[in-house]
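Visitor: Residue numbers (full-length UniProt numbering), protein chains in the order written: chain A, 1 to 95; chain B, 1 to 494. Glycine included, every Cβ here is placed at the ideal spot set by N, Cα and C. Can you keep this structure in mind? I'll have questions shortly.
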């Protein structure tokens with residue numbers, strides 16, 4: 001499988017990365033080089049093999065469903081480029 | 001007075017405990033070394049000299065009161081990937097401009113608990129994506145080692161290039177690092193230092209900027225095997241804030257260092273004998289096996305049949321996880337923000353400007369392999385191959401192998417801006433060919449200096465262990481370190 005210019009543009013939109021027109025061709029080449037490299041996985045017989053979900057044989061731990069942390073909204077927004085009254089500020093989303 | 005920066009971490013710690021010198025003197029010596037050399041090496045992206053001196057004074061007070069921790073007063077460098085409260089934490093990326101966390105990573109908190117002193121934050125490949133430290137927003141790190149016949153600048157490897165360079169050039173007594181596909185072991189091999197990636201789950205990932213969560217592990221880079229054991233001891237341990245942290249006791253790693261290899265079986269995987277492997281790497285490998293045999297180990301040929309598929313499977317799994325992890329960098333919560341006409345515009349422009357080329361490439365690959373219609377063909381298949389890779393190792397260990405010896409890298413350090421690597425991303429990826437299998441299987445792996453190439457540049461060997469058996473790796477790596485008896489002091493030019 002390989003990607004064409006339109007696919008590069010589409011992936012850029014899905015990834016929320018603006019790809020300029022003069023970048024499309026070079027991304028197309030680079031992505032195809034990587035996809036060409038991973039293509040060799042098609043030779044492997046994976047019939048009946050379980051996909052790995054956890055590298056260590058463990059069950060995810062559970063804990064009691066209670067609040068154990070929080071109550072410091074000012075620290076949460078402390079690194080925001082723009083915030084107001086402990087809210088993150090973004091361009092208007094809903095008219 | 002002796003140059004305190006030239007002492008091993010162990011000797012420094014013991015000298016501090018014996019009050020031969022103070023923690024403040026040790027910190028001042030390192031700060032002076034950084035001020036003198038960092039312009040040329042570019043290993044640190046932030047130096048926290050004032051904070052280091054305050055921490056050192058507190059260490060001196062604890063030593064005076066007889067309350068010294070296991071790393072009391074030892075000055076360390078911290079990879080820029082670890083969240084350090086109120087201090088530069090940007091994963092060497094433009095998109096995290098100005099980010100100063102409100103919290104401390106578990107790994108660094110463990111080090112401070114044991115008395116270590118932070119000198120500053122170390123350069124790295126952006127978001128730990130790279131094998132040469134050239135993808136950093138802060139520019140490449142330079143390897144303190146140079147070939148005997150020229151003065152060409154070499155890469156320190158990556159992604160923990162700042163960590164490796166700083167340790168090799170005596171700009172810290174030891175450094176934290178992280179390893180997703182080889183990012184501790186490859187730079188350690190390129191700089192004549194020791195680096196261990198412990199078993200997945202040994203060190204908490206909490207507060208470490210995530211790249212590929214099922215592969216990422218923290219570990220130390222240090223100047224000796226014993227130093228790396230002392231550091232890993234402190235960094236390790238169960239943490240309920242990381243759901244993949246494993247609740248097992250941390251053994252006394254330093255006690256295992258001199259244990260020897262008598263009676264151990266060392267596996268030699270046929271598949272690591274790659275076509276076109278340089279003769280000096282082949283020789284190094286054979287020599288390593290001879291050293292282990294001379295100390296009483298048995299060498300056994302083994303097969304890990306899915307080895308060649310580890311790297312291609314990695315380049316599906318890692319970018320897929322990265323594309324998901326890096327979705328949080330949106331120009332809203334922290335770091336860089338590029339204004340746009342609406343929210344989508346804001347996201348797209350911020351991420352286009354904030355991420356470097358290699359990061360964008362990987363996020364895009366990850367987005368593609370996870371997208372509708374391709375998920376099964378790429379991602380699920382890669383995770384199945386990963387199961388097979390892990391099974392290969394399990395078969396070897398079940399057949400009586402205690403540890404596996406391989407080369408750490410296919411070559412010694414290469415030049416900055418290597419043209420071959422620049423034109424083909426896959427060429428750069430091949431640096432991790434011997435190390436990436438270990439991450440895919442969640443195993444511990446250590447890189448230890450074992451020889452030098454024709455140019456006098458260090459070369460490393462890698463030992464791979466059973467899950468949670470880092471102790472055997474320390475013991476076997478120590479035998480190689482002792483047998484090689486290398487002069488690992490690069491000629492100072494910086």
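1) Using a cut-off of 7 Å between C-beta atoms, extract the partners of residue 474/B located in chain A.
2) Of all Cβ atoms in chain B, is any one closer than 7 Å to the Cβ of residue 68/A?
3) Where do the N-terminal and C-terminal ends of the beta strand (DSSP E) with residue 425/B fall, by residue?
4) Can you tell which of 51/B, 15/B, 18/B has its C-alpha closest to the C-alpha of residue 31/B?
5) Using a C-beta to C-beta distance shorter than 7 Å, which residues of chain B count as neighbours of residue 9/A?
6) To the nearest angstrom, how far is the alpha carbon of residue 383/B from that of residue 62/A?
7) Among all the DSSP beta bridges, which residues are the ones paired with residue 407/B?
8) Looking only at its own chain, which residues have a Cβ that is under 8 Å from the Cβ of residue 434/B, when we skip the five neighbours before and after it?
9) Got a sec? Which residues, its chain only, sit under 6 Å from residue 38/B by beta carbon, not counting five neighbours each side?
10) Along chain B, which residues have their Cβ under 7 Å away from the Cβ of residue 71/A?
11) Determine, using beta-carbon pairs with one atom in the region 66–86 of chain B and one in the region 207–218 of chain B, whether at least three such pairs fall under 8 Å.
12) Cα separation between residue 500/B and residue 94/B?
13) Specify the secondary structure class of residue 450/B as computed by DSSP and reduced to three states.
14) Assuming residue 92/B contacts residue 160/B (C-beta within less than 8 Å), just tell me the rounded distance between them.
15) Looking at residue 133/B: is its Cβ nearer than 7 Å to the Cβ of residue 140/B?
16) So which residues of chain B does residue 30/A contact, with C-beta pairs closer than 7 Å?
17) State the CB to CB distance for the pair residue 190/B and residue 123/B, rounded to an integer number of angstroms; the pair is presumed to be in contact (CB under 8 Å).
18) Using the DSSP secondary-structure output, state which residues sit across from residue 84/A in a beta bridge.
19) 7 Å is my cut-off, CB to CB: does residue 21/A come that close to chain B?
20) Cβ of residue 74/B within 7 Å of Cβ of residue 173/B?
21) When the Cβ atoms of the region 38–47 of chain A are set against those of the region 297–313 of chain B, are three or more pairs found closer than 8 Å?
22) Is it buried or exposed, residue 258/B, if we count other Cβ atoms within 10 angstroms and call 16 or more buried?
23) Could you work out which residues of chain A lie near residue 387/B, taking near to mean beta carbons separated by less than 8 Å?
24) Assuming residue 234/B contacts residue 108/B (C-beta within less than 8 Å), just tell me the rounded distance between them.
25) Check the Cβ-Cβ distances between residue 81/B and every residue of chain D, and say whether any is below 7 Å.
26) Could you please tell me which residues of the region 83–95 of chain A, in chain order, have their CB closer than 9 Å to any CB of chain B?
27) Nearest chain A C-beta to residue 332/B closer than 7 Å, yes or no?
28) Comparing the C-beta of residue 309/B with each C-beta of chain A, is any distance below 7 Å?
29) Which residue spans inside the region 68–152 of chain B form an unbroken beta strand (DSSP E) run of at least 3?
30) Name, in chain order, the residues that DSSP records as bridge partners for residue 63/B.
31) What's the C-alpha gap between residue 117/B and residue 8/B?
32) Under the rule that 16 or more other beta-carbon atoms within 10 Å means buried, what is residue 87/A, buried or exposed?
33) Say whether chain A places a C-beta atom closer than 7 Å to the C-beta of residue 44/B.
34) Put residue 281/B into one of helix, strand or coil per three-state DSSP.
35) Work out the CA separation of residue 449/B and residue 486/B for me, nearest whole Å.
36) With a cut-off of 7 Å, does the C-beta of residue 364/B fall near any C-beta of chain A?
Guide: This is what the structure gives:
1) The residue you call residue 474/B lines up with position 474 of the second chain. Correct list: empty, because the minimum Cβ distance to chain A is about 21 Å.
2) Position 68 of the first chain, counted from the first residue, corresponds to residue 68/A. Not one chain B Cβ lies under 7 Å of residue 68/A.
3) Position 425 of the second chain, counted from the first residue, corresponds to residue 425/B. Looking at the DSSP string, residue 425/B is not in any beta strand (DSSP E); the run it does join, the alpha helix (DSSP H), is 425–429.
4) Taking the second chain and counting its residues from 1, one reaches residue 31/B at position 31. Looking at the Cα atoms, 51/B is the closest of the given residues.
5) Here residue 9/A refers to the residue found at position 9 when the first chain is read from its first residue. None at all; the shortest Cβ gap to chain B is about 11 Å.
6) For the purposes of this step, residue 383/B is identified with residue 383 of the second chain, where counting begins at 1. For the purposes of this step, residue 62/A is identified with residue 62 of the first chain, where counting begins at 1. Between residue 383/B and residue 62/A, the C-alpha separation is close to 25 Å.
7) Taking the second chain and counting its residues from 1, one reaches residue 407/B at position 407. BP columns for residue 407/B point to 461/B.
8) Taking the second chain and counting its residues from 1, one reaches residue 434/B at position 434. Correct list, in chain order: 182, 272, 406, 407, 408, 409, 410, 462.
9) Indexing the second chain from 1 puts residue 38/B at position 38. So the qualifying residues of the chain are 44.
10) Counting from 1 along the first chain, the entry for residue 71/A is found at position 71. By Cβ distance, chain B contributes nothing, its closest Cβ being about 13 Å from residue 71/A, past 7 Å.
11) yes
12) Given a span of 1 to 494 for chain B in the structure shown, any question on residue 500/B remains unanswerable.
13) For this step, residue 450/B is matched to residue 450 along the second chain. Note: residue 450/B maps to strand in three-state DSSP.
14) By one-based count along the second chain, residue 92/B stands at place 92. By one-based count along the second chain, residue 160/B stands at place 160. That pair is no contact at about 11 Å.
15) For the purposes of this step, residue 133/B is taken as residue 133 along the second chain, with counting starting at 1. For the purposes of this step, residue 140/B is taken as residue 140 along the second chain, with counting starting at 1. Cβ atoms of residue 133/B and residue 140/B: closer than 7 Å.
16) If you number the first chain from 1, residue 30/A lands on position 30. Per Cβ cutoff of 7 Å: 361, 425.
17) By 1-based counting over the second chain, the position of residue 190/B is 190. By 1-based counting over the second chain, the position of residue 123/B is 123. The pair is not a contact, with the Cβ atoms about 14 Å apart (cut-off 8 Å).
18) Counting from one through the first chain, the residue named residue 84/A turns up at place 84. DSSP, once it has assigned bridges, lists 87/A as partnering residue 84/A.
19) For this step, residue 21/A is matched to residue 21 along the first chain. Chain B, which has no Cβ nearer than 7 Å to the Cβ of residue 21/A, makes this no.
20) Within the second chain, numbered from 1, the residue matching residue 74/B stands at position 74. Within the second chain, numbered from 1, the residue matching residue 173/B stands at position 173. Closer than 7 Å, so yes.
21) yes
22) If you number the second chain from 1, residue 258/B lands on position 258. It counts as exposed.
23) Here residue 387/B is taken as the residue at index 387 of the second chain, counted from 1. Under the 8 Å cutoff, chain A gives 49, 50, 51, 52.
24) If you number the second chain from 1, residue 234/B lands on position 234. If you number the second chain from 1, residue 108/B lands on position 108. At roughly 10 Å, the Cβ-Cβ gap does not stay under 8 Å, so residue 234/B and residue 108/B are not in contact.
25) Looking for chain D here will not work: the only protein chains present are A and B.
26) 88, 89, 90, 91, 92, 93
27) On the second chain, residue 332/B is found 332 positions in, with the first residue counted as 1. Judged by the 7 Å Cβ criterion, residue 332/B is in contact with chain A.
28) As a first step, residue 309/B must be located in the second chain, where it is residue number 309. Interface residue, yes.
29) 75–79, 117–122
30) Walking along the second chain from the start, residue 63/B turns up at place 63. Per DSSP, none; premise fails for residue 63/B.
31) Residue numbering aside, residue 117/B sits at position 117 when the second chain is read from its first letter. Residue numbering aside, residue 8/B sits at position 8 when the second chain is read from its first letter. C-alpha separation (whole angstroms): 15 Å.
32) If you number the first chain from 1, residue 87/A lands on position 87. Exposed, by the Cβ-count rule.
33) Residue numbering aside, residue 44/B sits at position 44 when the second chain is read from its first letter. No, because no Cβ of chain A sits closer than 7 Å to the Cβ of residue 44/B.
34) Locating residue 281/B in the second chain gives position 281, counting from the first residue. In the structure shown, residue 281/B sits in a helix (DSSP, three-state: H, G or I).
35) Here residue 486/B refers to the residue found at position 486 when the second chain is read from its first residue. Here residue 449/B refers to the residue found at position 449 when the second chain is read from its first residue. Cα to Cα, residue 486/B sits roughly 8 Å from residue 449/B.
36) Mapped onto the second chain, residue 364/B falls at position 364. Chain A, which has a Cβ nearer than 7 Å to the Cβ of residue 364/B, makes this yes.
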